[in-house]
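Let me begin by presenting the structure, written as structure tokens, before commenting on it.
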């Protein structure tokens with residue numbers, strides 16, 4: 001069997017942030033599998049089949065990719081950001097674990113990419129320069145209570161916090177509630193970065209305090225980073241720099 | 001003033017994991033500043049000055065880089081992994097904040113890279129596929145009590161945990177203590193990944209339970225990832241796959 005499956009991170013959007021490893025895998029592939037907008041980032045060529053699917057069909061998409069690889073195709077599953085962070089790698093492994101035993105013989109690799117929180121952090125300065133956590137605020141796959149509990153414990157640990165999928169379509173009130181919990185746990189002075197469509201032509205960055213943060217400042221293309229108690233702002237003629245010092249008292 | 005300063009992530013070690021953005025900055029630079037082993041990853045060429053320094057002189061190194069940029073040089077500060085994660089970006093901003101006002105006019109960019117935890121995660125599967133935290137286990141810049149408190153709170157939040165600098169030279173007993181705290185908080189069955197020198201020719205991966213984890217399994221080149229209660233192992237003919245499912249109960 002000469003097929004293989006690579007689960008590849010395409011980074012946040014700018015081609016200059018795609019690793020050469022991923023570019024090489026795309027060049028060798030016979031099939032690209034993924035959510036439509038990510039598949040459309042791959043340049044079409046003769047001999048390359050593009051299989052675009054809708055959002056929220058991760059398991060069906062994973063099964064399709066595994067079947068293609070098992071049939072001898074060279075398959076790249078494309079994720080935005082890093083495939084291992086709230087993206088396709090876990091979905092593929094869930095599907096693999098429940099699938100035919102023969103799938104376990106497949107040549108499968110995860111190719112890392114620049115995940116959204118690190119792209120957003122870089123654009124704003126270094127808000128994740130000290131201990132931090134990453135939380136998916138969508139309650140599609142976990143109970144909302146667990147999210148709230150994690151927010152309170154992360155605040156108690158004084159982590160900076162990076163939030164993926166801040167506003168779930170299924171529960172738009174969730175992010176408003178998250179901001180309330182954080183204001184209660186961290187106080188209103190805490191700094192918050194809203195980084196929308198980072199490393200794309202539509203990029204916008206906004207830094208406010210928790211007291212001034214509003215649910216409408218985020219959508220599904222926004223990465224939200226809440227600083228720790230130590231996170232600071234350096235004012236300057238251009239955009240300010242948001243960073244968390246390396247040391248903590 | 002035509003000088004600029006880029007704080008660039010060189011990824012974990014494999015040139016195929018360096019982004020084109022970083023490669024372009026290195027090609028335009030007049031000066032490379034960084035810890036010796038990272039500077040040695042840059043190919044020398046005419047017109048490029050390499051300024052290698054020792055470990056633990058981050059502030060002096062940052063000052064040097066800022067002075068060069070202020071004098072009109074095109075400077076790249078090289079970090080391994082991502083510069084915003086326990087690396088040089090925060091050190092440069094600390095130095096900038098305390099330095100001359102003129103430094104605030106400088107053209108400064110952070111260029112993200114593949115950070116060690118995401119490279120390690122990719123090599124093992126997807127252990128960071130659900131909510132997680134990243135903690136620097138070195139107590140050089142924070143009190144050990146704070147580290148222990150964060151470990152307990154992270155366990156209570158049921159985060160997967162990625163540990164940078166697991167064995168501090170200044171306090172070699174710290175990691176042994178961290179393992180004790182984690183065994184107490186998470187139980188002995190919890191899965192642990194020791195990923196050493198990931199994406200280099202010396203790479204080695206080892207997955208054990210917390211009960212079997214020993215301090216000697218880690219050194220300063222090791223990334224340690226402790227799974228959440230949901231993290232699972234898929235056994236197969238090749239290396240097993242370690243992953244955390246997307247959903248949580």
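Protein chains in written order, with the working numbering: chain A, 1 to 249; chain B, 1 to 249.
Here a beta-carbon is modelled for each residue, glycine too, at the ideal position from N, C-alpha and C.
- Residue contact check for residue 36 of chain B against chain A: no CB pair falls below 7 angstroms.
- One thing to note: residue 90 of chain A has its Cβ within 7 angstroms of the Cβ of residue 129 of chain B.
- Fewer than three pairs of CB atoms, one per stretch, sit closer than 8 angstroms, so the region 215-226 of chain B makes no contact with the region 77-96 of chain A.
- For residue 17 of chain B, the closest Cβ of chain A is nearer than 7 angstroms.
- Contact note: residue 165 of chain A does not reach chain B at a C-beta cutoff of 7 angstroms; the least C-beta distance is about 11 angstroms.
- At a cut-off of 7 angstroms, the C-beta of residue 21 of chain A has a neighbouring C-beta in chain B.
- Around the CB of residue 237 of chain B, fewer than 16 other CB atoms lie within 10 Å, so the residue is classed as exposed.
- Residue 58 of chain A sits buried, since 16 or more C-beta atoms from the chains shown fall within 10 Å of its C-beta.
- Taking C-beta separations shorter than 6 angstroms and ignoring five residues to either side along the sequence, the partners of residue 115 of chain B in its chain run 81, 82 and 85, following chain order.
- The C-alpha of residue 235 of chain A is placed about 43 angstroms away from the C-alpha of residue 230 of chain B.
- Under the three-state reduction of DSSP, residue 133 of chain A is assigned to strand.
- For residue 111 of chain B, the uninterrupted beta strand (DSSP E) segment begins and ends at 107-111.
- In the DSSP assignment, residue 8 of chain B falls within the unbroken beta strand (DSSP E) covering 4-9.
- Close CB contacts of residue 196 of chain B within its chain, under the 6 angstroms cut and outside five residues either way in sequence, are with 204, 221 and 222 (chain order).
- For the alpha helix (DSSP H) assignment, the region 175-207 of chain A encloses no uninterrupted run of at least 4 residues.
- With contacts defined by Cβ atoms closer than 7 angstroms, residue 159 of chain B and residue 132 of chain B form a contacting pair.
- Around residue 55 of chain B, the same chain offers 35 as residues with beta carbons nearer than 7 angstroms, after the five sequence neighbours per side are excluded.
- Straight through space, the alpha carbons of residue 190 of chain A and residue 215 of chain A are spaced by roughly 16 angstroms.
- Taken through DSSP and simplified to helix, strand or coil, residue 87 of chain A comes out as coil.
- Here residue 200 of chain B has 12, 13 and 14 as same chain residues with Cβ atoms under 8 angstroms from its own Cβ, once five neighbours each way along the sequence are excluded.
- The beta carbon of residue 94 of chain A lies closer than 8 angstroms to those of 59 and 62 in the same chain, with the five residues before and after it left out.
- In the three-state DSSP reduction, residue 232 of chain A falls in the strand class (E or B).
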